[in-house]
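For the sequence shown, the UniProt record's numbering gives the first residue as 1, with consecutive numbering after it.
Written below as structure tokens is the structure these notes are about.
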Amino acid sequence: MSIILVPVVAVSLIGLVGTPALRLMASSKRARTWARSQSGALRRYY
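This is the structure:
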């Protein structure tokens with residue numbers, strides 16, 4: 001039983017930890033691209 005349970009628990013843990021981590025990465029990427037566009041716009045004005 002334990003042999004079958006170990007991978008299931010590992011997968012569930014990875015899913016629980018990985019989903020918010022992926023969301024954070026995606027949001028940070030979006031924020032970075034937004035910041036880059038904002039800085040580019042500022043450069044154009046000044």
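Don't be surprised by glycine CBs; every beta carbon is placed ideally from N, CA and C.
Computed from a predicted structure; not experimentally measured.
*Residues of its chain near residue 4, where Cβ-Cβ distance is below 8 Å and the 5 sequence neighbours each way are ignored*: none
*Tell me which same chain residues have a C-beta within less than 8 Å of the C-beta of residue 37, skipping the five on either side of it?*
There are no such residues.
_Whole angstroms are fine: how far does the CA of residue 40 sit from the CA of residue 11?_
Between the C-alpha atoms of residue 11 and residue 40 there is a straight-line separation of about 42 Å.
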